[in-house]
Amino acid sequence: MPEDAQERLQANLQSKLRKLICKGLGYVDLSDVSTVLQLEPALSFMKLLIERFKVRGQLEEARIAKQWLRLQGLLAVDPTTQAEANSESYFESSVSMTSRRRVAVKTRTAGGQYIPNPKIQDNPLVRKTVHDVVVTCNKCGFELRSSWVFDYRGKLRALVPKNGHLPCGGRYVSVTGSLLVWDTVQILDICPHNTRRAICVRCRGSLICTHKKQRSRCRLCLARKQKDISLSL
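Numbered per my numbering, the sequence shown spans residues 4 to 236.
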């Protein structure tokens, strides 16, 4: 086979693979701890490929840029961070569902414009900008604009509702590949040690176990959780 034909075949297969990956990630629950732990090597490798390309140029200049931007959008929200925040609901039963609903009601998305609840707005690392970041629901395509960002360690991440698009249950992904972060206190609360308070060992964070590890990554705690689930079946 001629060399140029081999290159076209390889490019075509890579395009089909990226399309398949994007479609698959749309159905994967990246808020589940066990799922993220199993997929973490593959997700990290895909992020590395994107970062390597961005060193040489913009994703918009890549072949089939739309696929690359779509993939970056799906990976824009750190899945490990999502899973850690989600796991707190399992280990911390002291927070009532009533109080969570009360806070969630204050988050507005009327007219396709996102406005976080007052508690999130009061966070010193959260601020409103003059630029909108466009995100879409990965299920129905509903478009939402967010001008609120989380400024942490030199990186700006656009805030999006943790609960996603309530009418269809989808989650918001970036259209342009911008970094996103959920509007949850467990993620946005940064301690004096410049670490998320929930996972700071020195602050005895709520996600730190008796073994001085993150509960979502502690083998002993995960084994106990699995045992509890098995006994409840």
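Glycine is no exception: its CB is placed at the ideal position from the N, C-alpha and C atoms.
I'd like the list of long-range same chain contacts for residue i, defined as Cβ closer than 6 Å, with 5 residues on each side in sequence excluded.
i, result
"residue 201", "189, 208, 209 and 210"
"residue 168", "140 and 145"
"residue 3", "Nothing can be reported for residue 3: it is not among the residues displayed for the chain, which extend from 4 to 236."
"residue 161", "136, 149, 152, 181 and 183"
"residue 159", "152"
Identify, in the order they occur along the chain, each residue of the same chain with its Cβ nearer than 7 Å to the Cβ of residue i, setting aside the five sequence neighbours on each side.
i, result
"residue 165", "185, 186 and 187"
"residue 116", "148"
"residue 126", "191"
Could you give the DSSP three-state label for residue i: helix, strand or coil?
i, result
"residue 46", "helix"
"residue 219", "coil"
"residue 194", "coil"
"residue 171", "coil"
"residue 26", "helix"
"residue 237", "Any question about residue 237 goes unanswered here, given that the chain covers just 4 to 236."
"residue 165", "coil"
"residue 200", "helix"
"residue 52", "helix"
"residue 159", "strand"
"residue 207", "coil"
Measure the Cβ-Cβ separation of residue i and residue j and say whether it is below 8 Å.
i, j, result
"residue 128", "residue 154", "yes"
"residue 163", "residue 149", "yes"
"residue 194", "residue 203", "yes"
"residue 172", "residue 142", "yes"
"residue 132", "residue 119", "no"
"residue 130", "residue 152", "yes"
"residue 72", "residue 179", "yes"
So, for residue i: in the same chain, excluding its five sequence neighbours on each side, which residues have a beta-carbon less than 8 Å away from its beta-carbon?
i, result
"residue 214", "221, 223 and 224"
"residue 196", "203, 205 and 206"
"residue 112", "118, 147 and 164"
"residue 217", "87, 202, 210 and 211"
Would you mind reading off the limits of the alpha helix (DSSP H) that contains residue i?
i, result
"residue 1", "As shown, the chain starts at 4 and ends at 236. That puts residue 1 outside it, with no answer to give."
"residue 122", "121-124"
Which two residues bound the contiguous beta strand (DSSP E) that contains residue i?
i, result
"residue 153", "146-155"
"residue 134", "129-140"
"residue 183", "183-185"
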